[in-house]
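Quick note on UniProt numbering: the sequence shown kicks off at 1 and runs consecutively.
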Amino acid sequence: MNLVAGLPPGGDGSYNYSLVIVYRFSKTAIFLACHKYDIAMDTALLICNRLVSWTGRLTNIISDRYPKFNSALWTDINQCFGTKLSFSTAYHLKINGLDERLIQPLEEITRIFCEYVLKLKD
């Protein structure tokens, strides 16, 4: 699980971050739109509403040491679910390489699409 920052605002809620979640069993990726200023509770609710309903109870989460995932609230929520929370070093390919490989094309596709839309507006 990783957050992609620096995306151009889009959508009704002016989303500018993307929460990238890779379900390791099926290697399926989910990209959830979120905001830069979402707190840990917002991120936890997003995961509960979108991800847990699709995959069921999570047993293990691997994420970067992002402040939202380090908070006491986030730790308590994972403890209630019985989820093991593991932190990785950013861009560590052995631990979360699949996430990192998915983020690069996401950023590139977003950049190309935004350039295309800006050209249409001119």
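Just so it is clear, CB atoms sit at the ideal spot from N, CA and C, and this is done for glycine as well.
Open item on the list: Here's a check: name, in chain order, each residue in its chain whose Cβ is nearer than 8 Å to the Cβ of T55, leaving out the five neighbours to either side.
Closed with: Within the sequence shown, the letter at position 55 stands for residue 55. Excluding residues within five positions, the ones whose Cβ falls inside 8 Å are Y23.
- [ ] State the Cα-Cα distance for the pair V20 and E115, rounded to the nearest angstrom.
- [x] Here residue 20 refers to the residue found at position 20 of the sequence shown. Here residue 115 refers to the residue found at position 115 of the sequence shown. Cα-Cα distance, rounded: 22 Å.
Open item on the list: On the criterion of 16 or more Cβ atoms from any shown chain inside 10 Å, does residue 139 qualify as buried, or is it exposed?
Closed with: Residue 139 lies beyond the residue range present for the chain, which begins at 1 and ends at 122; the question has no answer from this structure.
Open item on the list: In whole angstroms, give me the CA-to-CA distance for D12 and S18.
Closed with: Against the sequence shown, residue 12 aligns to sequence position 12. Against the sequence shown, residue 18 aligns to sequence position 18. Rounded to whole angstroms, D12 to S18 spans 15 Å at the Cα level.
Open item on the list: Using 8 Å as the threshold, is the C-beta distance between T110 and L32 below it?
Closed with: Here residue 110 corresponds to residue number 110 of the sequence shown, with the count starting at 1. Here residue 32 corresponds to residue number 32 of the sequence shown, with the count starting at 1. Against a cut-off of 8 Å, the Cβ pair of L32 and T110 comes out as no contact.
Task: Extent of the continuous beta strand (DSSP E) to which A29 belongs - done: Working through the sequence shown from its first residue, we reach residue 29 at position 29. In this chain, the beta strand (DSSP E) harbouring A29 covers 28-34.
Task: Nearest to N78 (by Cα), restricted to the options M41, S14, K27 - done: Taking the first residue of the sequence shown as 1, we reach residue 78 at position 78. The shortest Cα separation from N78 among M41, S14, K27 belongs to M41.
Open item on the list: Quick check: the Cα distance between V4 and L118, rounded to an integer number of angstroms?
Closed with: For the purposes of this step, residue 4 is taken as residue 4 along the sequence shown, with counting starting at 1. For the purposes of this step, residue 118 is taken as residue 118 along the sequence shown, with counting starting at 1. Approximately 22 Å between the Cα atoms of the pair.
Task: Straight-line gap, E108 to T75 (C-alpha atoms, nearest Å) - done: Stepping through the sequence shown from its first residue, residue 108 is reached at position 108. Stepping through the sequence shown from its first residue, residue 75 is reached at position 75. Using only the alpha carbons, I get a separation of about 32 Å.
- [ ] Please classify N16: does DSSP put it in a helix, a strand, or coil?
- [x] Taking the sequence shown and counting its residues from 1, one reaches residue 16 at position 16. Looking at N16 - three-state DSSP - the assignment turns out to be coil, as it is neither helix nor strand.
- [ ] With DSSP as the reference, label I109 as helix, strand or coil.
- [x] Here the question's residue 109 lines up with position 109 in the sequence shown. Three-state DSSP puts I109 in a helix.
- [ ] Please report how far the alpha carbon of N2 lies from the alpha carbon of S63, in whole angstroms.
- [x] Working through the sequence shown from its first residue, we reach residue 2 at position 2. Working through the sequence shown from its first residue, we reach residue 63 at position 63. Those two C-alpha atoms are separated by around 6 Å.
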